[in-house]
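Since the structure comes first, as structure tokens, the remarks are kept for the end.
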Amino acid sequence: MTATLAASGDPDAASVREAVAAVRRSDVDAYARIVSLYQRRLFGLMLMMTRDAAAAEELAQDAFVRAFLHLKAYDSARPFYPWLSTIAVRLTQNWLVRHTRHVRREGEALSEESDVPAGAADALDGLLTDERDRRLWRAVAALPSGERTAVLLHYRQGLSVAEAADAVGVSEGTIKTLLFRARRRLRALFGDQDE
Amino acid sequence: MNEDLPTLLTALPEPEAPATLSAAVMARIRRESEAVEVPRAEPLRRDRPWWALTTIGAMAACAIVAAGWWAAGMAPDYLGARIGPGRAPLTWLDTSMTGALALALLGYLAGLFAPARQRT
Chain A
10 MTATLAASGD
20 PDAASVREAV
30 AAVRRSDVDA
40 YARIVSLYQR
50 RLFGLMLMMT
60 RDAAAAEELA
70 QDAFVRAFLH
80 LKAYDSARPF
90 YPWLSTIAVR
100 LTQNWLVRHT
110 RHVRREGEAL
120 SEESDVPAGA
130 ADALDGLLTD
140 ERDRRLWRAV
150 AALPSGERTA
160 VLLHYRQGLS
170 VAEAADAVGV
180 SEGTIKTLLF
190 RARRRLRALF
200 GDQDE
Chain B
3 MNEDLPTLLT
13 ALPEPEAPAT
23 LSAAVMARIR
33 RESEAVEVPR
43 AEPLRRDRPW
53 WALTTIGAMA
63 ACAIVAAGWW
73 AAGMAPDYLG
83 ARIGPGRAPL
93 TWLDTSMTGA
103 LALALLGYLA
113 GLFAPARQRT
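If you're matching them up, the sequences are chains A and B in order. Every letter in the first sequence is one number past the one before it in the numbering used here, and letter 108, counting from 1, is 117. Every letter in the second sequence is one number past the one before it in the numbering used here, and letter 54, counting from 1, is 56.
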């Protein structure tokens, strides 16, 4: 039912290249192969970024459709997932801007679980049986959206700093700063509770 | 914590994607593909003969008028009086050439308005 995330990199690069080539030859149904390869990973990213299952599903759909419509712009020599995740992250950023009230509640002190918005952690809470995993997820969920995105893209999705910067639309230095701040916040929480 | 963070985050369970996600994506893509194809359904080659007639008619009319002035050895007088006994003609064409000019202009007009006739 659930599985941990595999190491970074395309799970089947050759299969993706074949599917992309087929789609470019007007074989629309070949795109289903790409969707099936990446839907779980992409949906998980959207879910962790938005903390809203319905929004995550809609955004994942939008990202796949937009990737299909702009497939001519994809460079087949490069990994497919960073390109796909760039589209997805940009869509999600727009969604987060539209839901600013929720974003502004983030960034509060993480020392109290009550500071986490009531519905924020529910998206994954049901999957997390280990208390430490639950604490980690709630801590990540409570990060400011920029830091949370950087952490998810670099540490969980396995994108390099350059790929994460490209996905978010900022410089590599900004990503490094966001990662530093996120680690400091998380260390403050976990360092206290693990000692 | 720094060195454990990637491991801890990677170890978090990944949720299953909704069962309808793939089907919904493919349905939207097929709708998008069909919407893009419709504007290309009407071929443009049907209008090509009419555009050729328009072009030939216009070129023929210009050539006939120019040939008339060339044969007369005079430039057209567009600034002269248009009424009264001393007016100069705009074109120097005999009757047969006038007929050819009329045919050329008819061909030009027929080709120009052909697409409008086809759509009505």
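A virtual CB, placed ideally from N, CA and C, is assigned to each residue, including glycine. Every value quoted in this text rests on a predicted model; they were computed, and no experiment measured them.
query	result
Name the chain B residues that come within less than 8 angstroms of residue 226/A, Cβ to Cβ?	Absent from the structure is residue 226/A, since the part of chain A shown begins at 10 and ends at 204.
Can you pull the chain B residues whose beta carbon is under 7 angstroms from the beta carbon of residue 66/A, in chain order?	20 and 23
Are three or more beta carbon pairs between the region 138-148 of chain A and the region 61-81 of chain A nearer than 8 angstroms?	no
Which parts of the region 59-108 of chain A are runs of the alpha helix (DSSP H), unbroken and 4 residues or longer, counting only runs that do not cross its ends?	62-78 and 89-107
Apart from the five residues just before and just after residue 9/A, which ones in its own chain have a Cβ nearer than 8 angstroms to its Cβ?	One cannot answer for residue 9/A here, as it falls past the ends of chain A, which runs 10 to 204.
Measure the beta-carbon distance from residue 174/A to residue 95/A and round it to whole angstroms, keeping in mind my assumption that it falls under 8 angstroms.	Actually they do not touch by this definition, with Cβ atoms about 10 angstroms apart.
Along chain A, in chain order, which residues have C-beta atoms closer than 7 angstroms to that of residue 67/B?	None at all; the shortest Cβ gap to chain A is about 50 angstroms.
From this set, 39/A, 52/A and 188/A, which residue's C-alpha is nearest residue 17/B's C-alpha?	52/A
By a C-beta neighbour count over all protein chains shown, 10 Å radius and 16 as the cutoff for buried, is residue 108/A buried or exposed?	exposed
Taking the C-alpha atoms as reference points, what is the distance between residue 62/A and residue 184/A?	26 angstroms
Quick one: grab the DSSP three-state call for residue 123/A.	Reliability fails at residue 123/A, whose pLDDT of 35 lies under 50, so the model's placement of it is uncertain and the value that follows must be treated cautiously. Note: residue 123/A maps to helix in three-state DSSP.
According to DSSP, is residue 58/B part of a helix, a strand, or is it coil?	helix
What residue range does the alpha helix (DSSP H) around residue 145/A cover?	140-150
Would residue 112/B and residue 55/B qualify as a contact pair, given that the criterion is a beta-carbon distance under 8 angstroms?	yes
Mind pulling the chain B residues with CB within less than 9 angstroms of residue 137/A?	14 and 15
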